[in-house]
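Number 154 marks the last residue of the sequence shown (the numbering used here); no jumps.
Quick notes on the structure that follows.
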Amino acid sequence: MLRTMREGIPVCVTVTLLDGLVLARSAFHHSMNYRSVMILGTAVEVTDQTEKYEALKAVVEHVVPQRWADVRWPTEQELRATIVLRLPIEEVSAKIRTGPPLDEEEDCQLPCWAGEIPLRLVPQIPIPDPRLDSATPLPQYVQSYYRPPWRST
């Protein structure tokens, strides 16, 4: 897929995060709270080795800040084996659904529970690699790993 995309073809990247199940009083009005984005553009391969290296570093640091300084950096062979694409945004669409169920007014008197079951992705207790030397300390950035929750306005 990446080999085809690097040839400069139009692509669509879509990401959806499920934030909650919305239970209405009627089956018809059940829904989900979510955040979704769709990006359209023409992918271009990053061939400059410095730019490619910096892009990989940016991804690692975005996912786990301070991690790049601890890991072995990519070798020349690994950089050659990795495809990095740049996607200039030509068009973007975002959609968000938040809030309670949208029941019909007459259904609001039904003796049926309605509301949202929030779903959250939260870090759990880190599990060390079974082959990790037991003397290797757990880095502070792993101990305190935290992603701020998304809040709608």
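Beta carbons: idealized from backbone N, C-alpha and C, even for Gly.
For residue 130, count neighbouring C-beta atoms within 10 Å of its own C-beta (all shown protein chains included) and say buried if the count is 16 or more, exposed if not. exposed
Assigned secondary structure, residue 5 (DSSP; H/G/I helix, E/B strand, else coil): helix
Less than 8 Å between C-beta atoms, sequence neighbours within five positions excluded: which residues of the same chain meet that for residue 4? Only residues of its own chain outside the window of five on either side were considered, and among them 84 have a CB closer than 8 Å to the CB of residue 4, listed in chain order.
Assuming residue 27 and residue 105 form a contact by the criterion Cβ under 8 Å, report the distance between their Cβ atoms to the nearest whole angstrom. 7 Å
Which residues bound the alpha helix (DSSP H) around residue 57? Unbroken alpha helix (DSSP H) run through residue 57: 50-64.
Report the three-state DSSP secondary structure of residue 109 (helix, strand or coil). helix
To the nearest angstrom, how far is it from the Cα of residue 111 to the Cα of residue 149? 37 Å
In the structure shown, what three-state DSSP assignment does residue 159 receive? Nothing can be reported for residue 159: it is not among the residues displayed for the chain, which extend from 2 to 154.
According to DSSP, simplified to helix, strand and coil, what is residue 70? coil
Just tell me which of 140, 143, 51 and 92 has its CA closest to the CA of residue 74. 51
Going by DSSP, what residues sit across from residue 35 in a beta bridge? 19 and 98
State the DSSP-derived secondary structure class of residue 1, mapped to helix, strand or coil. In the structure as shown, the chain starts at 2 and stops at 154, and residue 1 therefore has no counterpart that could be examined.
Give the straight-line distance between the Cα atoms of residue 24 and residue 113, rounded to the nearest whole angstrom. 10 Å
Where does residue 81 fall in DSSP's three states? helix
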